[in-house]
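Here's the structure, in structure tokens; my notes come after.
There are 2 protein chains.
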Amino acid sequence: MRNLVMVVSYDGSAYSGFQVQPKDTTVQGKLEEAVRVLTGEQVKIHGSGRTDAGVHAREQVIHFHTESQIPVQRWRLAMNARLPSDIVVKSVREAPLDFHSRRSAKRKTYRYTIQRTRYADVFTRHLAFFHPTPLDLEAMRQALVLFEGEHDFSSFCSTRRPDGSHVRTIYETAFDFRPEPDAGDGDAGVIHIYMTGNGFLHNMVRIIIGTLIEVGEGKRPSSDMPAILAAMDRKKAGPTAMAHGLMLWKVEY
Amino acid sequence: MRNLVMVVSYDGSAYSGFQVQPKDTTVQGKLEEAVRVLTGEQVKIHGSGRTDAGVHAREQVIHFHTESQIPVQRWRLAMNARLPSDIVVKSVREAPLDFHSRRSAKRKTYRYTIQRTRYADVFTRHLAFFHPTPLDLEAMRQALVLFEGEHDFSSFCSTRRPDGSHVRTIYETAFDFRPEPDAGDGDAGVIHIYMTGNGFLHNMVRIIIGTLIEVGEGKRPSSDMPAILAAMDRKKAGPTAMAHGLMLWKVEY
């Protein structure tokens, strides 16, 4: 028995999320199918985390146990030949049997992309949330850093589990604004927001982003963030931002 | 009667090209439909040139005559509200009635994108021709510049018209290579090839690119280009490169 670890990238547009669900097309399902076609084995693939329907991954990490004797250096091409064009295996390594893509993960980084321009870019429309009206970028920056550190993120979680902890640590955030040349208005451009943490609750990044967008629109002051966290009440935060702007950026072990 | 000129961008993936064809979905058809829904008029839209099935446009220029009294500054949003998400109007202006998007054009620039990496980027796979094996970039650069100037491009044209001239002028070319960080091999990265000319024959850019790729693969020396041009024979040139790597970049008047 071997434990194979793969870094995979996918355009989530066509999928009902990462995790296998009856009747739905999922990334996990496509990966398991590729392994089955390649080796004849029905393996169970584990990801570092589930991504929701429409969410992308630059570097998702998966692992699975296999009896296959195919050498590790052959797997990347063999998998890519059997995967649809919106999923790609970037690298493959063998790990000790106790390595687990989710449980062994130390840090995860997500990126959310907002396109703040007069018209949507047709070539990246599947990767960015289009926001044609002005945003107060400085207020958004100020609000973002208030999420750093250890907090109870109950207000930023769509499905609370009564038995589970909602405490997570955000180690760092980054607000990367790339202005559009010749746009005229100073806030026009593409915004990439990065969050790195020890784990994320269901929809946590998207609810934080939905709240930051309300800050950018002037509907809330950035100084409200601590009170929203302290309320531990989903209704106090903003809406869940659309899935297609979100990308699992990297996972560190 | 007014003459409206629009700069439009489209992801050509879903279209049977720019020009209206019976039974096929085309960019021109979608634009004419948007005008019809907006004004009730059945206008005839003219583009600066036809782009083939699957070819994209960053800045295609179109014009049409209309009786509509809608102010020019209202058209962009009104059109974009009625267009599918893969076509966008970037700007609108009014021009003298004798302005013609194709006949008045002075220079056109096309860009072709080749992704020379070990695996395809799932997020830009609709915009780049994926070439996983090595390419001799220096030989491709040398071959590209040999197309500059005035030439008979009969060897680089898929449909010769017995009555028409096949002489065109390429004013300038550019070879923009963006290396992939940490890739290991020196030629790994994304290649953007730009060609600016007074006009382009059918499939001319794609046949030049197909020939350059053969040069990059070591199948032909770059020094063969003058002889291929001189032969005025389509069979002497390389294959027609795939449509999805091609983008109409800009049109100058």
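Chains as they are written, first to last, in full-length UniProt numbering: chain G, 1 to 253; chain V, 1 to 253. Heads up, the beta-carbon is just placed ideally off N, CA and C, and yes, glycines get one too. These numbers come from a predicted model, not from an experiment.
* To do: Examine chain G for any beta-carbon lying closer than 7 Å to the beta-carbon of Lys90(V), and answer yes or no.
  => yes
* Asked: How would you label Gln21(V), buried or exposed, when you count the other beta carbons within 10 angstroms and need 16 or more for buried?
  -> exposed
* To do: For Leu127(V), return the contacting residues in chain G, with the cut-off set at a CB-CB distance below 7 Å.
  => Phe123
* To do: Identify every run of the beta strand (DSSP E) within the stretch 113 to 165 of chain G, keeping only runs that are complete inside it and at least 3 residues long; order them along the chain.
  => 149 to 152
* For the stretch 28 to 44 of chain V and the stretch 100 to 114 of chain V, state whether three or more C-beta atom pairs, one from each stretch, are separated by less than 8 Å. => no
* Asked: Can you tell which of Arg2(V), Pro132(V) and Phe200(V) has the C-alpha that lies nearest to the C-alpha of Thr109(V)?
  -> Phe200(V)
* To do: Compute the Euclidean distance between the alpha carbons of Arg82(V) and Gly29(V), then round it to the nearest angstrom.
  => 13 Å
* Asked: Under a three-way DSSP split, which group does residue 299(G) fall into?
  -> Since the first residue shown for chain G is 1 and the last is 253, residue 299(G) is missing from the structure and cannot be characterised.
* To do: Determine the DSSP secondary structure at Ala14(V), reduced to helix, strand or coil.
  => helix
* Thinking Arg50(G) and Phe99(G) are a contact (beta carbons under 8 Å), I'd like their distance in whole angstroms, please. => At roughly 19 Å, the Cβ-Cβ gap does not stay under 8 Å, so Arg50(G) and Phe99(G) are not in contact.
* Report yes or no: do three or more beta-carbon pairs, one from the stretch 145 to 157 of chain G and one from the stretch 165 to 176 of chain G, lie closer than 8 Å? => yes
* Asked: Closer than 8 Å, Cβ to any Cβ of chain V: which residues of the stretch 70 to 103 of chain G, in chain order?
  -> Arg76, Asn80, Ser85, Asp86, Ile87, Val88, Val89 and Lys90
* Asked: With 7 Å set as the bound, which would you pick, yes or no: does the beta-carbon of Asp176(V) sit closer than that to a beta-carbon of chain G?
  -> no
* **CB contact check: Ser9(V) to chain G, cutoff 7 Å** => yes
* Check Asn80(V) in the structure and name its three-state DSSP category. => helix
* 8 Å contact criterion, which Ser155(G) and Leu229(G) should meet: CB distance rounded -> 6 Å
* Three-state secondary structure (DSSP) of Gly242(V) -> In the sequence as displayed, the identity of residue 242(V) is Met instead of Gly. Note: Met242(V) maps to coil in three-state DSSP.
* To do: Could you check which residue in Lys235(V), Gln142(V) and Met195(V) has the C-alpha nearest to that of Val215(V)?
  => Gln142(V)
* To do: Let me know the secondary structure DSSP gives Gln60(G) once reduced to three states.
  => strand
* Asked: Looking at the structure shown, is Glu214(G) part of a helix, part of a strand, or coil, going by DSSP?
  -> helix
* Whose Cβ in chain G lies nearer than 9 Å to the Cβ of Ala120(V)? -> Asn80, Ser85 and Val88
* To do: Determine, using beta carbons only, whether residue 287(V) and Asp24(V) come nearer to each other than 7 Å.
  => Since the displayed chain V opens at 1 and closes at 253, residue 287(V) lies outside it and no answer follows.
* Looking only at its own chain, which residues have a Cβ that is under 6 Å from the Cβ of Arg178(V), when we skip the five neighbours before and after it? -> Gly189 and Val190
* **Segment limits, alpha helix (DSSP H) that includes Arg36(G)** => Val27 to Thr39
* Rounded to whole angstroms, what's the CA-CA distance from Ser68(V) to Val251(V)? Just pull it up for me. => 26 Å
* Do you know offhand how far Asp187(V)'s Cα is from Thr113(V)'s? -> 14 Å
* **is_contact[Asp187(V), chain A] using C-beta, thresh 7 Å** => The structure shown has no chain A; the protein chains it does contain are G and V.
* Alpha-carbon to alpha-carbon, Leu4(V) and Trp75(V) -> 9 Å
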